[in-house]
Amino acid sequence: MTDPEGDPDAVDADVDDLLDRAGFDPDRSVLTRRQAEVLALREEGARQADVAARLGTSRANVSSVEASARRNVERARETVAFAEALAAPVRVEIEAGTDLYDVPERVYDACDEVGVKVSRAAPGLMKLVSDEAGDAVRGREVVDALLVGVTRSGGVRVRRSE
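1 is the number of the first residue of the sequence shown in UniProt numbering; add one for each residue after it.
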């Protein structure tokens, strides 16, 4: 995106083209156009200083816009995860204090009751739950209650259940 000397004029990506290729629609996005522009350029490898020069603003403004955009993206992901958890035909509450090794059997049993096949074997399911739960799982212990949802196609979604 920049030349070896870091020349901001070498930021050669056409922002409109980047947004078009990525399918950005300002009427359907949680991002403002400026947030989308900044993210598009940063994902193409541009430094914040180069983006600022390209967009005619300060590096501090680019940093602020990027941080807001990334927060909005995370909120959108959380909203999707919430909607998927509500729509999942299988929802298994995992209480705090549960051993992670007990989670697959509970999920498989719930799936069997409604005829849904989980797309992961037990070790993969435990890893997914642990990874998606973040600090709600420590070692083998579930320390904060979780909701494990399984979609009709067998996809697994994990979220804190508070």
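The beta carbon of each residue, even a glycine, is placed where N, CA and C say it ideally should be.
In the structure shown, E84 falls within a helical segment according to DSSP collapsed to helix, strand and coil. Between V158 and V148, the C-beta gap is smaller than 7 Å, which places the two residues in contact. In the displayed model, L18 falls within a helix according to three-state DSSP.
The straight-line gap separating the alpha-carbon atoms of S29 and A53 is approximately 25 Å.
Taking the C-beta atoms as reference points, A81 is found no nearer than 7 Å to V150. R77 has its alpha-carbon roughly 17 Å from the corresponding atom of L128. DSSP places D99 in the strand class (E or B) of the three-state scheme.
When C-beta atoms of the segment 112 to 119 are compared with those of the segment 62 to 78, fewer than three pairs fall below 8 Å, so the two segments do not count as touching. For G149, the enclosing beta strand (DSSP E) covers residues 146 to 150. With contact defined as three or more Cβ pairs closer than 8 Å, the segment 90 to 104 and the segment 40 to 51 are not in contact. Note on geometry: alpha-carbon atoms of D99 and A69 lie some 37 Å from one another. Sequence-distant Cβ neighbours of R34 in its own chain, meaning closer than 7 Å and more than five residues away, are V65. Here E44 carries a coil assignment [DSSP, helix/strand/coil].
Taking 7 Å as the cut-off, the Cβ atoms of A40 and L19 count as close. Linking A145 to S153 through their CA atoms gives a straight-line distance of about 24 Å. A direct Cα-Cα distance of roughly 10 Å separates D16 from G23.
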